[in-house]
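Following: one structure in structure tokens, then a few remarks.
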Amino acid sequence: MLSAFPLRACFLAMSLLGLMPAFVFAAPDKLKLVTEAWPPMSYEQDGVPQGFAVDLVNILQSRLGQSEKIDVLPWARAYSIANTSANVLLFATSINDEREDHFDFIGPIATSKIALYARAADPIALDQLAELQSKDIVGVYRESAGAQLLQQAGVDNLLVASFPQQSAKQLLFSRIRFWCQADLAVKQILEEVGASEADIRQVYVVSEINLYLAFSKGTSAATVTSWQTELEKMKDSGEFSRLYQTWFGALPPPLQHQVFWHKAV
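The following block contains the structure:
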């Protein structure tokens with residue numbers, strides 16, 4: 001849960017609108033839009049970005065009178081671009097201590113459980129991460145929320161991959177014992193590697209997290225505010241819920257309104 005991360009977050013309030021009216025009416029800056037291959041949240045099909053978060057960002061762009069292209073990149077590259085340049089929108093991402101220094105977050109746009117998965121035939125049971133043995137290798141993908149959560153918990157027997165599909169294959173071929181992945185993406189990742197949810201089982205929930213749209217440091221407050229305003233309108237009108245259910249079925253959409261501004265250094 002987000003409460004697991006100590007946040008010095010500033011919620012957007014009506015008083016802010018009164019103090020800075022120019023921010024509300026100023027045209028938002030054009031943004032470089034970057035995401036990762038993490039279906040069904042975001043991915044490419046025949047060279048065209050697809051996914052729930054892609055659809056959401058494109059709808060928000062349209063509402064703001066913009067039409068910038070979305071680049072689907074390996075997570076580490078997308079994160080590096082957003083971490084070193086102003087006017088970059090990175091999505092979708094969770095909040096942690098490192099990221100809250102460098103990004104402003106709006107949302108949440110999704111809720112997901114970060115969990116450990118084993119092969120269906122593996123009888124292993126886990127009640128806590130401390131029960132992991134040194135020989136029990138956990139597959140993660142580079143710079144992911146799961147990798148960071150496990151490292152913070154002192155789990156160091158990690159096999160890091162560039163893409164989650166690599167970790168899924170490693171689990172299926174018994175090269176690792178556990179695969180750490182967000183539940184929203186498991187079904188489609190398995191389908192992409194020729195497997196199904198029946199081939200694996202969830203054995204331990206590491207954390208439940210909210211996912212956000214993250215704006216790089218140096219992006220104006222006016223831009224962040226304009227995107228959040230349109231997202232709130234989508235949630236309040238029911239448009240967001242309909243889009244969420246199109247991609248995630250009966251899973252309940254997160255309808256709260258939140259803004260977390262980066263820490264002042």
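Our numbering puts the first residue of the sequence shown at 1, with every later residue one more than the last.
Glycine is no exception: its CB is placed at the ideal position from the N, C-alpha and C atoms.
Buried or exposed for residue i, going by 16 or more other Cβ atoms inside 10 Å?
i: A78; result: buried
i: R119; result: buried
i: F173; result: exposed
i: P254; result: buried
i: E36; result: buried
i: K268; result: The shown model of the chain, from 1 to 265, leaves out residue 268, and the question about it has no answer.
Are the CB atoms of residue i and residue j nearer to each other than 8 angstroms?
i: D29; j: T225; result: no
i: V206; j: G139; result: no
i: E230; j: L129; result: no
i: A168; j: W179; result: yes
i: Q148; j: N96; result: yes
i: P74; j: F163; result: yes
i: L213; j: L89; result: yes
Using only the alpha-carbon positions, how far apart do residue i and residue j sit?
i: L184; j: Y244; result: 11 angstroms
i: K217; j: I81; result: 11 angstroms
i: Q202; j: L116; result: 6 angstroms
i: V34; j: A125; result: 38 angstroms
i: K69; j: K32; result: 8 angstroms
i: D101; j: V160; result: 24 angstroms
Looking at the structure shown, is residue i part of a helix, part of a strand, or coil, going by DSSP?
i: D101; result: helix
i: P164; result: helix
i: K169; result: helix
i: K263; result: coil
i: V155; result: coil
i: P252; result: coil
i: R119; result: strand
i: K187; result: helix
Who pairs with residue i in a beta bridge, going by DSSP?
i: G146; result: Bridge partners of G146: none, in fact.
i: G65; result: BP columns for G65 are empty, so no partner.
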